[in-house]
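**Q** In our numbering, the protein residues as written are 244 to 406.
My structure is below; once you've seen it, I'll send some questions.
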Amino acid sequence: MAIKSLDDLFTHFLKDMYYAEKQVLKSLPGMIRKAETKELRQALEDHRDETEQQIENLEKVFDQMGMRARGVTCQAIDGIIEEAKEIMSEVEGGATRDAGIIGSAQAVEHYEITRYGTLIAWAEKLGKKDAIQLLEANLAQEKAADAKLTKIAEGVVNDMAAA
Ligand SMILES: [Fe+2]
């Protein structure tokens with residue numbers, strides 16, 4: 244489908260995020276399995292549940308637009324997840340791998356934060372009021388997850404990894 248308007252571009256980014264969230268949901272169990280620090284495992288488990296909600300929120304946005312929820316391949320998230328897998332397999336266990344998992348997970352969060360920020364700005368321009376609320380809810384969760392990961396890294400994991 245050709246992208247001719249901001250509305251089309253909004254739809255494209257929405258599909259991109261729908262794909263991204265689904266890929267994130269698929270990748271989280273592997274990260275949870277490899278995480279050794281209790282707080283990190285818990286944070287990733289919580290975020291897996293949040294990601295399920297986020298996918299439902301995106302489905303609601305598609306629904307509001309009278310569209311069937313459908314993803315479009317997002318090479319950015321595929322690359323970030325691929326890199327995370329590489330780091331997890333290359334770093335031997337322990338706190339160093341946990342530090343790597345946090346770094347990778349934060350790259351995911353930051354990608355999602357930038358995409359939701361853009362979608363919200365466009366939704367405001369396009370008068371998609373109901374969509375804004377749902378997208379804001381997802382954005383708030385991504386920001387909170389990112390902050391939680393920073394706290395775990397700086398409070399626990401980085402010290403152990405550096406020791
Ligand atoms: Fe997400």
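The beta-carbon is built from N, C-alpha and C at its ideal position, and this holds for glycine as well.
Evaluate D251 with the Cβ neighbour count: other Cβ atoms within 10 Å of its Cβ, from every protein chain shown; 16 or more gives buried, anything less gives exposed.
**A** Locating residue 251 in the sequence shown gives position 8, counting from the first residue. Answer is exposed; the Cβ neighbour count stays below 16.
**Q** How would you write the range of the alpha helix (DSSP H) that A364 sits in, first residue to last?
**A** Here residue 364 corresponds to residue number 121 of the sequence shown, with the count starting at 1. Looking at the DSSP string, the run of the alpha helix (DSSP H) that includes A364 is A338 to L369.
**Q** What's the C-alpha gap between A245 and H255?
**A** Within the sequence shown, numbered from 1, the residue matching residue 245 stands at position 2. Within the sequence shown, numbered from 1, the residue matching residue 255 stands at position 12. Each residue's Cα considered, the two are about 10 Å apart.
**Q** So, are the CB atoms of Q307 and D402 less than 7 Å apart?
**A** Locating residue 307 in the sequence shown gives position 64, where the first residue counts as 1. Locating residue 402 in the sequence shown gives position 159, where the first residue counts as 1. No, Cβ-Cβ distance for Q307 and D402 is not below 7 Å.
**Q** Our contact map puts G336 next to E279 with C-beta atoms below 8 Å; I'd like the distance itself, whole angstroms only.
**A** Counted from its first residue, the sequence shown places residue 336 at position 93. Counted from its first residue, the sequence shown places residue 279 at position 36. Right, the Cβ-Cβ distance comes to about 6 Å (below 8 Å), so this counts as a contact.
**Q** Please go through the same chain and pick out, in chain order, the residues whose beta-carbon is closer than 7 Å to the beta-carbon of E385, but skip the five residues on each side of it.
**A** In the sequence shown, counting from the first residue as 1, residue 385 sits at position 142. Closer than 7 Å at the Cβ level, and outside the excluded window around E385, lie E352, E355, I356 and Y359.
**Q** Is the separation between the beta-carbon of L257 and that of T294 shorter than 7 Å?
**A** The residue given as residue 257 occupies position 14 in the sequence shown. The residue given as residue 294 occupies position 51 in the sequence shown. Their beta carbons are not under 7 Å apart, which means L257 does not touch T294 by this criterion.
**Q** Comparing the CB of T294 with every heavy atom of ligand 1, is any distance shorter than 6 Å?
**A** If you number the sequence shown from 1, residue 294 lands on position 51. Within the cutoff, so yes.
**Q** Drop a sphere of 10 angstroms on the beta-carbon of D259, count the other beta-carbons inside from all chains shown, and report buried for 16 or more, exposed for fewer.
**A** Counting from one through the sequence shown, the residue named residue 259 turns up at place 16. Burial call: buried.
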